[in-house]
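Visitor: To start, I am sharing the structure in question, which I have written as structure tokens.
2 protein chains.
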Amino acid sequence: MPNKISNISVDCVVFGYDTITKSLNVLLIKRYLESKEKEVLVDDYVLTGYHVYEDETLDDSATRVLKELTGLTNQYKKQFKAFGDPDRLLSEKDLIWIDKEAFSLRTITIAYYFLLKTEDVDVTRNKYQAKWFPLRSLPELGFDHKKIIEEAHEDLKTKCLAEPIIFELLPDKFTINDVQDLYESILGIEIDNRNFRRKLINKKYIIPLDEKQVGVSKKPAQLYMFSKDIYKKMYHKNYLISI
Amino acid sequence: MPNKISNISVDCVVFGYDTITKSLNVLLIKRYLESKEKEVLVDDYVLTGYHVYEDETLDDSATRVLKELTGLTNQYKKQFKAFGDPDRLLSEKDLIWIDKEAFSLRTITIAYYFLLKTEDVDVTRNKYQAKWFPLRSLPELGFDHKKIIEEAHEDLKTKCLAEPIIFELLPDKFTINDVQDLYESILGIEIDNRNFRRKLINKKYIIPLDEKQVGVSKKPAQLYMFSKDIYKKMYHKNYLISI
DNA sequence: ACAAAAGTGTTCGGAATACACCCATGA
DNA sequence: TCATGGGTGTATTCCGAACACTTTTGT
Numbered sequence: 001m002p003n004k005i006s007n008i009s010v011d012c013v014v015f016g017y018d019t020i021t022k023s024l025n026v027l028l029i030k031r032y033l034e035s036k037e038k039e040v041l042v043d044d045y046v047l048t049g050y051h052v053y054e055d056e057t058l059d060d061s062a063t064r065v066l067k068e069l070t071g072l073t074n075q076y077k078k079q080f081k082a083f084g085d086p087d088r089l090l091s092e093k094d095l096i097w098i099d100k101e102a103f104s105l106r107t108i109t110i111a112y113y114f115l116l117k118t119e120d121v122d123v124t125r126n127k128y129q130a131k132w133f134p135l136r137s138l139p140e141l142g143f144d145h146k147k148i149i150e151e152a153h154e155d156l157k158t159k160c161l162a163e164p165i166i167f168e169l170l171p172d173k174f175t176i177n178d179v180q181d182l183y184e185s186i187l188g189i190e191i192d193n194r195n196f197r198r199k200l201i202n203k204k205y206i207i208p209l210d211e212k213q214v215g216v217s218k219k220p221a222q223l224y225m226f227s228k229d230i231y232k233k234m235y236h237k238n239y240l241i242s243i
Numbered sequence: 001m002p003n004k005i006s007n008i009s010v011d012c013v014v015f016g017y018d019t020i021t022k023s024l025n026v027l028l029i030k031r032y033l034e035s036k037e038k039e040v041l042v043d044d045y046v047l048t049g050y051h052v053y054e055d056e057t058l059d060d061s062a063t064r065v066l067k068e069l070t071g072l073t074n075q076y077k078k079q080f081k082a083f084g085d086p087d088r089l090l091s092e093k094d095l096i097w098i099d100k101e102a103f104s105l106r107t108i109t110i111a112y113y114f115l116l117k118t119e120d121v122d123v124t125r126n127k128y129q130a131k132w133f134p135l136r137s138l139p140e141l142g143f144d145h146k147k148i149i150e151e152a153h154e155d156l157k158t159k160c161l162a163e164p165i166i167f168e169l170l171p172d173k174f175t176i177n178d179v180q181d182l183y184e185s186i187l188g189i190e191i192d193n194r195n196f197r198r199k200l201i202n203k204k205y206i207i208p209l210d211e212k213q214v215g216v217s218k219k220p221a222q223l224y225m226f227s228k229d230i231y232k233k234m235y236h237k238n239y240l241i242s243i
């Protein structure tokens, strides 16, 4: 077992998207502690995270943490910010918790976010009581994790406008409206369906399949897939100055 | 004197722009060490950086480091990435250096970049033998600082397209061509002067002054200033999806 | 037949792109 | 007067923005 670095951790904001409820979700784990007298000391949620080991990179550390929580590897991952305020772990509940675990009061955390397909995660069986929460109605959060999630969301907003990472959150086969709904969820805006649809269909890397939705109770929609290969082939950086 | 955290540092990529040579520069400090036998052990350059103190935020830490190097505060600053590979400090020279200083072999550094006006820095008098180097011809660099500078540059490229941070690098009074040259330096592209000029002049926050260049040996150019106030008033986020 | 969501076309205006010459100034 | 960089105008094309009704399907 490698040694933990006591004052450096990674925290992972795991984003998933529920196409049914059209909700952008975050995967959180339960933090619960009772005193000997059965008094509830800590009862809230936190991001999944852990100390960095002596011999691993930060990226590997985040990957390991995600794997432990979800069993998944090879998900889209981004290191977006380090959080290290001296008082970031100093609420009363956090102190109780830190006392129980064994980590430094002055821990710097390197925060990552992951994008994955909700259906790839089996929430029911994992030892952390992990649960999806809509980004728009998060539960009470420990440490500075609310702030971390907010900043992850901000970064995601920017990033999804410039790179095709949106498809990391969708099933392999999706409808145009799925994509639109997801953009609307992430960005918190409304998009004109006709313009959006035209725009997307004109992209060569959005490929219509010989398939339609099944099991829907209304007119089934055309399914599409995203081709990363074609995207990469066609990609050329543009330097549009938008100030 | 507050305690240093032995395994956490900040490193600062200080960008400056020389309007005369049209060169985007980075401020580096000398790293030099001889053995008792006067053999040169280490002779290269590094970014300015230092340990984080126990009681300060990461941002404060970076601000402190910049102030010590340049005397400046209130410069544009961005935390852009943490670097923490286990082997990031393990070249031969780095080991010699680390032996001399006293920091952990497994140090994570939180990297910032700063944008400032070259002429605000008095390079001649500072104890670090600081020197400006064109980004395009950097000297030999210690640690993983070459990589850090490259990633800072990448982030700057993206950021300057979306936010008016370019003006942090220019004197208060500048010409349109100064701005264009700077964009070209940062992005490594050529821009059509007529189109660029029109675009900029049409911005309400680019304000023509009743002044022209003086001391130039050719036709003196019109000077402009950037109004952050007007920019902020006019700003509204747009959600253009460019994938 | 009806409810629900899928899907479709056109017009307008603003901005990016491409492109070449004259002008003002100091030396 | 000349060399240097400053400054200017137009035509074209493309894309985003606005906008409302018809179609298809399952129930």
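As they're listed, the protein sequences go chains X and D.
Residue 197 in UniProt numbering sits at position 197 of the first sequence; the count goes up by one each step and never skips.
Residue 175 in UniProt numbering sits at position 175 of the second sequence; the count goes up by one each step and never skips.
Glycine included, every Cβ here is placed at the ideal spot set by N, Cα and C.
Since this is a predicted model, take the numbers as computed values, not measurements.
Using 8 angstroms as the Cβ pair cut-off and three pairs as the minimum, do the region 30 to 47 of chain D and the region 90 to 101 of chain D touch?
Guide: yes
Visitor: Of all the options D/D178, D/L138, D/F174, D/G49, which has the alpha carbon lying nearest to the alpha carbon of D/S227?
Guide: In the second sequence, counting from the first residue as 1, residue 227 of chain D sits at position 227. Comparing Cα positions, the closest option is D/F174.
Visitor: Output, in chain order, the set of chain X residues within a Cβ distance shorter than 7 angstroms of D/S242.
Guide: As a first step, residue 242 of chain D must be located in the second sequence, where it is residue number 242. What D/S242 touches in chain X: L161, A162.
Visitor: Going by DSSP in three states, X/V121 sits in which element: helix, strand or coil?
Guide: Sequence index remark: in the first sequence, residue 121 of chain X carries index 121 (1-based). X/V121: coil per DSSP, three-state reduction.
Visitor: Under 9 angstroms Cβ-Cβ, which residues of chain X neighbour D/E54?
Guide: Position 54 of the second sequence, counted from the first residue, corresponds to residue 54 of chain D. Under the 9 angstroms cutoff, chain X gives P86, R106.
Visitor: For the structure I just gave you, are there three or more beta carbon pairs, one from the region 114 to 132 of chain X and one from the region 68 to 77 of chain X, closer than 8 angstroms?
Guide: yes
Visitor: At the level of alpha carbons, what is the spacing between X/A152 and X/D18?
Guide: Reading the first sequence from its first residue, position 152 is the one you call residue 152 of chain X. Reading the first sequence from its first residue, position 18 is the one you call residue 18 of chain X. Going from the Cα of X/A152 to the Cα of X/D18 covers about 18 angstroms.
Visitor: Can the beta-carbon of D/Y205 be found less than 9 angstroms from the beta-carbon of D/P164?
Guide: The residue given as residue 205 of chain D occupies position 205 in the second sequence. The residue given as residue 164 of chain D occupies position 164 in the second sequence. Yes, these two residues count as a Cβ contact at 9 angstroms.
Visitor: Does X/L240 pass the burial test, meaning 16 or more other C-beta atoms within 10 Å, or should it be called exposed?
Guide: Residue mapping note: residue 240 of chain X aligns to position 240 of the first sequence, counting from 1. With fewer than 16 Cβ atoms within 10 Å of its Cβ, X/L240 is classed as exposed.
Visitor: Would you report the Cα separation of D/W132 and D/K67, rounded to the nearest angstrom?
Guide: The count along the second sequence starts at 1 and reaches residue 132 of chain D at position 132. The count along the second sequence starts at 1 and reaches residue 67 of chain D at position 67. Approximately 16 angstroms between the Cα atoms of the pair.
Visitor: Give the interface partners of X/T57 over in chain D, defined as CB-CB distance under 8 angstroms, in chain order.
Guide: Position 57 of the first sequence, counted from the first residue, corresponds to residue 57 of chain X. Within chain D, the residues near X/T57 are G84, D85, P86.
Visitor: Please go through the same chain and pick out, in chain order, the residues whose beta-carbon is closer than 7 angstroms to the beta-carbon of D/K100, but skip the five residues on each side of it.
Guide: For this step, residue 100 of chain D is matched to residue 100 along the second sequence. Same-chain partners within the cutoff: L33.
Visitor: At a CB distance below 9 angstroms, what residues from the region 4 to 15 of chain D approach chain X? Give them in sequence order.
Guide: Answer set for the region 4 to 15 of chain D: I5, N7, I8.
Visitor: Can you give me, in chain order, the residues of the UniProt domain "NrtR DNA-binding winged helix" (166 to 226) of chain D that have a beta carbon less than 7 angstroms from any beta carbon in chain X?
Guide: The UniProt domain "NrtR DNA-binding winged helix" (166 to 226) of chain D vs chain X, Cβ under 7 angstroms: Y183, L187, I189.
Visitor: Once the 5 residues before and after D/K22 are set aside, which same chain residues still bring their CB inside 7 angstroms of it?
Guide: Position 22 of the second sequence, counted from the start, is the residue given in the question as residue 22 of chain D. Non-local beta-carbon contacts of D/K22 in its own chain, meaning distances under 7 angstroms to residues more than five positions away in sequence, involve D181, S185 in chain order.
Visitor: Ordered along the chain, which non-local residues of its own chain (more than five positions away) have a Cβ less than 8 angstroms from that of D/R79?
Guide: Mapped onto the second sequence, residue 79 of chain D falls at position 79. The displayed chain sequence assigns Gln, not Arg, to residue 79 of chain D. So the list reads L58, D59, A62, I110, A111, Y112, once near-sequence residues are dropped.
Visitor: By DSSP's criteria, X/L208 is part of a beta bridge. Which residues make up the other side?
Guide: Locating residue 208 of chain X in the first sequence gives position 208, counting from the first residue. Rather than Leu, the amino acid found at residue 208 of chain X in this sequence is Pro. Looking at the DSSP output, X/P208 bridges to X/Y224.
Visitor: Once DSSP output is grouped into helix, strand and coil, what is the label at X/E34?
Guide: Along the first sequence, read from residue 1 onward, the residue named residue 34 of chain X stands at position 34. Three-state DSSP puts X/E34 in a strand.
Visitor: So, at 7 angstroms on beta carbons, what are the nonlocal neighbours of D/K212 in its own chain, with the 5 sequence-adjacent residues on each side left out?
Guide: Reading the second sequence from its first residue, position 212 is the one you call residue 212 of chain D. Once the five neighbours on either side are set aside, the close Cβ partners of D/K212 are P220, A221, Q222, L223.
Visitor: Do X/D11 and X/I201 have their C-beta atoms within less than 9 angstroms of each other?
Guide: The residue labelled residue 11 of chain X in the question sits at position 11 within the first sequence. The residue labelled residue 201 of chain X in the question sits at position 201 within the first sequence. Cβ distance not < 9 angstroms, so X/D11 and X/I201 don't count as in contact.
Visitor: Identify the contact partners of D/K78 in chain X, using a Cβ-Cβ distance below 7 angstroms as the criterion.
Guide: The residue labelled residue 78 of chain D in the question sits at position 78 within the second sequence. Residues of chain X passing the Cβ test: none, with the nearest at roughly 11 angstroms.
Visitor: Near X/V52, which residues of its chain fall below 7 angstroms by C-beta distance, leaving aside the five closest residues on each side in sequence?
Guide: For this step, residue 52 of chain X is matched to residue 52 along the first sequence. So the qualifying residues of the chain are I5, I8, S9, V10, L58, S61.
Visitor: Is X/N238 close to chain D, meaning its C-beta is less than 9 angstroms from at least one C-beta of that chain?
Guide: If you number the first sequence from 1, residue 238 of chain X lands on position 238. Look at X/N238: its C-beta is under 9 angstroms from a C-beta on chain D.
Visitor: Which residue marks the beginning of the beta strand (DSSP E) containing X/D44, and which one marks its end?
Guide: The residue labelled residue 44 of chain X in the question sits at position 44 within the first sequence. Taken as a continuous stretch (DSSP letters only), the beta strand (DSSP E) holding X/D44 covers 40 to 46.
Visitor: CA-CA distance, X/S137 and X/L24?
Guide: Here residue 137 of chain X refers to the residue found at position 137 when the first sequence is read from its first residue. Here residue 24 of chain X refers to the residue found at position 24 when the first sequence is read from its first residue. Their Cα atoms are separated by approximately 10 angstroms.
Visitor: Which residues of chain X have a Cβ atom closer than 7 angstroms to the Cβ of D/K81, listed in chain order?
Guide: Against the second sequence, residue 81 of chain D aligns to sequence position 81. Going along chain X in sequence order, the residues near D/K81 (Cβ under 7 angstroms) are Q79.
Visitor: Might you give, ordered along the chain, the residues of its own chain that have their beta carbon closer than 7 angstroms to the beta carbon of X/F143, omitting 5 neighbours on each side?
Guide: Mapped onto the first sequence, residue 143 of chain X falls at position 143. Contacts found: V46, R88, L89, D94.
Visitor: On a CA-only basis, which of D/D155, D/I98, D/D210 is nearest D/L187? Give me that one, please.
Guide: For the purposes of this step, residue 187 of chain D is taken as the residue at position 187 of the second sequence. The residue from D/D155, D/I98, D/D210 with its alpha-carbon nearest to that of D/L187 is D/D155.
Visitor: For X/C160, which residues in the same chain have their Cβ closer than 6 angstroms to its Cβ, ignoring the five residues on either side in sequence?
Guide: As a position in the first sequence, residue 160 of chain X is number 160, starting the count at 1. For X/C160, where only same-chain residues beyond five positions count, the Cβ hits under 6 angstroms are I166, I186.
Visitor: Between the region 106 to 133 of chain D and chain X, which residues of the former have CB atoms less than 8 angstroms from a CB of the latter, in chain order?
Guide: R106, I108, I110
Visitor: Counting only beta-carbon atoms, is D/T158 nearer than 9 angstroms to chain X?
Guide: The residue labelled residue 158 of chain D in the question sits at position 158 within the second sequence. Yes - at least one Cβ of chain X is within 9 angstroms of the one on D/T158.
Visitor: With distances taken Cα to Cα, identify the nearest neighbour of X/T48 among X/E56, X/V121, X/F103, X/Y128.
Guide: Position 48 of the first sequence, counted from the first residue, corresponds to residue 48 of chain X. Answer by Cα proximity: X/Y128.
Visitor: For the beta strand (DSSP E) holding D/A82, just list the boundary residues, first then last.
Guide: The residue labelled residue 82 of chain D in the question sits at position 82 within the second sequence. Per DSSP, D/A82 belongs to the beta strand (DSSP E) from 76 to 83.
Visitor: Comparing alpha-carbon positions, which option in X/I207, X/I189, X/P139, X/K146 lies nearest X/K157?
Guide: As a first step, residue 157 of chain X must be located in the first sequence, where it is residue number 157. Minimum Cα distance to X/K157 is reached at X/I189.
Visitor: Check the C-beta distance from X/P86 over to D/E39 and give it rounded, since I have them as a contact under 8 angstroms.
Guide: Reading the first sequence from its first residue, position 86 is the one you call residue 86 of chain X. Reading the second sequence from its first residue, position 39 is the one you call residue 39 of chain D. About 42 angstroms separates the two Cβ atoms, so there is no contact after all.
Visitor: Cα-Cα, which of D/V13, D/A162, D/N238, D/E119 is closest to D/L141?
Guide: The residue labelled residue 141 of chain D in the question sits at position 141 within the second sequence. It is D/V13.
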